[in-house]
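Enquirer: Would you mind keeping the following structure in view while I ask a few things?
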Amino acid sequence: MNPDRMPKSLLVVGSGAIGIEFASFYRTLGADVTVVEVLPHILPVEDAEIAAFARKQFEKQGIKIFSGAKVTKLDKKKDSVAATFEDGKGGAQTVEVDRVISAVGVVGNVEGLGLEKLGVKLDRGTIAIDGMCRTNVPGIYAIGDVAGAPMLAHKAEHEGVICVEAIKGLKPHAMDKRLIPGCTYCAPQVASVGLTEAKAKEMKYDVRVGRFPFLGNGKAIALGEDQGMVKVVFDKKTGQLLGAHMVGAEVTELIQGYVVAMNLETTEEELMHTVFPHPTLSEMMKEAVLDAYGRVLNV
């Protein structure tokens with residue numbers, strides 16, 4: 028993570044948030060970057076439509092992406108690595124790169140803490156906790172990555188608050204993990220909260236989906252950042268906002284508006300009646316809602 032020199036070429040194994048962030052960062056600095064992902068599309072936890080849009084932008088920048096692919100061999104040389112991988116199309120390829128970053132997953136650091144001796148229950152490599160961050164052993168609490176997904180700094184911080192307030196007897200609210208935003212700091216940025224369209228349908232929701240392109244937003248055009256999209260997923264029956272997904276400039280800042288809305292159990296009607304300032308990128312958030320209900324204004 029702290030190389031002694033800038034690599035001219037890089038292979039990133041895994042295309043989750045961490046893998047894509049490093050791929051985007053090094054490509055921006057001029058490295059020749061290849062990404063290999065074993066699943067069918069990159070950014071697997073994101074909405075498939077958003078991930079596909081992001082992929083096109085990364086490929087336009089020169090990042091080579093192979094999905095449905097698998098690294099089968101790494102041959103480390105003196106100052107390079109020869110990597111062989113199945114390319115997802117029935118063939119095999121070998122690339123020689125300066126460096127390889129393995130970004131195939133994050134695990135909680137639960138080893139060597141004496142948890143087994145204390146009888147603390149583990150669940151698939153993480154510490155099992157309840158809504159107040161309590162383990163099964165009285166007096167022992169856990170927060171952050173060791174306490175399970177999503178393994179995000181803001182989730183860990185909020186768990187810390189819940190934990191301390193619970194210890195103090197302040198009766199805090201348990202965390203609703205469905206309302207934790209996820210942000211990927213690449214170019215273009217990716218941000219989301221709640222259910223993807225596919226997950227909502229899998230859960231038997233009858234959905235309304237709205238989309239709005241950055242190309243229809245004056246501020247995005249003025250910034251020279253007209254490539255992006257805002258997507259929202261509603262429950263057709265109740266108007267409940269089930270999920271929001273974005274790709275484009277500054278979406279990691281915009282997503283919090285939808286997070287607040289979902290925490291307040293906002294419906295599409297309330298979002299439609301909310302006045303958004305002009306000219307801002309945030310206007311796209313309302314336009315996407317309007318689009319879900321056939322009332323979009325600026326397309």
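Going by this note's numbering, the sequence shown opens with residue 28, and the numbers climb by one from there.
Glycine included, each C-beta is placed from N, C-alpha and C at the ideal position.
Being a predicted model, the structure only gives us computed values, none of them experimental.
Grab the span of the alpha helix (DSSP H) containing HIS68 for me, first residue to last.
Expert: Here residue 68 is taken as the residue at index 41 of the sequence shown, counted from 1. That residue, HIS68, is in no alpha helix (DSSP H); it is neither H nor E in DSSP.
Enquirer: What is the rounded straight-line gap between the Cα of VAL39 and the Cα of GLY89?
Expert: Within the sequence shown, the letter at position 12 stands for residue 39. Within the sequence shown, the letter at position 62 stands for residue 89. Rounded to the nearest angstrom, the two C-alpha atoms are 14 Å apart.
Enquirer: Near GLU192, what residues of its chain come up, given a Cβ to Cβ distance below 8 Å and the 5 sequence neighbours on each side ignored?
Expert: As a position in the sequence shown, residue 192 is number 165, starting the count at 1. Counting only Cβ-Cβ distances below 8 Å, and skipping sequence neighbours, we find LYS198, PRO199.
Enquirer: How would you write the range of the alpha helix (DSSP H) that LEU250 sits in, first residue to last?
Expert: Taking the sequence shown and counting its residues from 1, the one referred to as residue 250 is at position 223. It spans 245 to 250 - the alpha helix (DSSP H) in which LEU250 sits, taken as one unbroken run.
Enquirer: Taking the DSSP output, what are the residues bridged to GLY275?
Expert: On the sequence shown, residue 275 is found 248 positions in, with the first residue counted as 1. Note: GLY275 sits in a beta bridge opposite GLN216.
Enquirer: May I ask you to verify whether the region 269 to 279 touches the region 297 to 304, counting CB pairs closer than 8 Å and requiring at least 3?
Expert: Cβ pair count under 8 Å is below three, so no.
Enquirer: Following the continuous beta strand (DSSP E) through ARG238, name the residue where it begins and the one where it ends.
Expert: The residue labelled residue 238 in the question sits at position 211 within the sequence shown. Residues 234 to 240.
Enquirer: Is the region 69 to 86 close to the region 140 to 151, with three or more CB pairs under 8 Å?
Expert: As far as the Cβ criterion goes, the region 69 to 86 does not touch the region 140 to 151, which means the pair count is below three.
Enquirer: Could you tell me the distance, in whole angstroms, from the CA atom of ASP106 to the CA atom of PRO30?
Expert: Taking the first residue of the sequence shown as 1, we reach residue 106 at position 79. Taking the first residue of the sequence shown as 1, we reach residue 30 at position 3. If I take the Cα positions, the gap works out to 12 Å.
Enquirer: Is there contact here, the region 214 to 229 with the region 280 to 293, by at least three beta-carbon pairs under 8 Å?
Expert: Flag = yes, the region 214 to 229 and the region 280 to 293 touch.
Enquirer: Figure out for me which residue from ASP114, HIS68, MET311, GLY175 has the closest Cα to the Cα of VAL134.
Expert: If you number the sequence shown from 1, residue 134 lands on position 107. The shortest C-alpha separation from VAL134 is found at GLY175.
Enquirer: Just checking my contact of VAL323 with GLU314 at CB under 8 Å: how many whole Å lie between their CB atoms?
Expert: As a first step, residue 323 is located in the sequence shown; it is residue number 296 there, counting from the start. As a first step, residue 314 is located in the sequence shown; it is residue number 287 there, counting from the start. VAL323 to GLU314, Cβ: 6 Å. Contact.
Enquirer: Would ALA110 and VAL63 qualify as a contact pair, given that the criterion is a beta-carbon distance under 9 Å?
Expert: Counting from one through the sequence shown, the residue named residue 110 turns up at place 83. Counting from one through the sequence shown, the residue named residue 63 turns up at place 36. Yes; because the gap between Cβ atoms is below 9 Å, this pair is in contact.
Enquirer: State the beta-bridge partners of LEU142 as determined by DSSP.
Expert: Within the sequence shown, numbered from 1, the residue matching residue 142 stands at position 115. Answer by DSSP bridge pairing: none, since LEU142 is not bridged.
Enquirer: For PHE303, which of helix, strand or coil comes out of DSSP?
Expert: Walking along the sequence shown from the start, residue 303 turns up at place 276. Three-state result, PHE303: coil.
Enquirer: Skipping 5 residues on each side, what residues in its chain have a beta carbon closer than 6 Å to that of ASP102?
Expert: Counted from its first residue, the sequence shown places residue 102 at position 75. The answer, listed in chain order, is ALA109.
Enquirer: For the beta strand (DSSP E) that contains ASP102, what are its first and last residues?
Expert: Mapped onto the sequence shown, residue 102 falls at position 75. Per DSSP, ASP102 belongs to the beta strand (DSSP E) from 97 to 103.
Enquirer: Please report the straight-line C-alpha distance between VAL259 and GLY152, rounded to a whole angstrom.
Expert: As a working note, residue 259 is residue 232 in the sequence shown. As a working note, residue 152 is residue 125 in the sequence shown. Near 33 Å, if we compare the C-alpha coordinates of GLY152 and VAL259.
Enquirer: Just the Cα atoms here: how many angstroms apart are GLU252 and LEU308?
Expert: Walking along the sequence shown from the start, residue 252 turns up at place 225. Walking along the sequence shown from the start, residue 308 turns up at place 281. Whole-angstrom Cα-Cα distance: 10 Å.
Enquirer: In terms of residue numbering, what span does the beta strand (DSSP E) encompassing LEU317 cover?
Expert: Taking the first residue of the sequence shown as 1, we reach residue 317 at position 290. No beta strand (DSSP E) holds LEU317; the alpha helix (DSSP H) holding it covers 310 to 319.
Enquirer: If distances are taken between C-alpha atoms only, which option among LEU291, PHE261, LYS246, LYS264 comes closest to ASN325?
Expert: Residue 325 sits at position 298 when you count from the first residue of the sequence shown. Nearest C-alpha to ASN325: LYS246.
Enquirer: Sorted by chain position, which residues of the same chain lie with C-beta nearer than 6 Å to GLY158's C-beta, five sequence neighbours on each side aside?
Expert: The residue you call residue 158 lines up with position 131 of the sequence shown. ALA201.
Enquirer: Quick check on DSSP: helix, strand or coil for SER36?
Expert: On the sequence shown, residue 36 is found 9 positions in, with the first residue counted as 1. Three-state result, SER36: strand.
Enquirer: Can you give me the Cβ contacts of ALA319 inside the same chain, cut-off strictly under 7 Å, excluding the 5 residues immediately before and after it?
Expert: Locating residue 319 in the sequence shown gives position 292, counting from the first residue. The residues are ARG235, VAL236, GLY237, VAL259, PHE261, GLU295.
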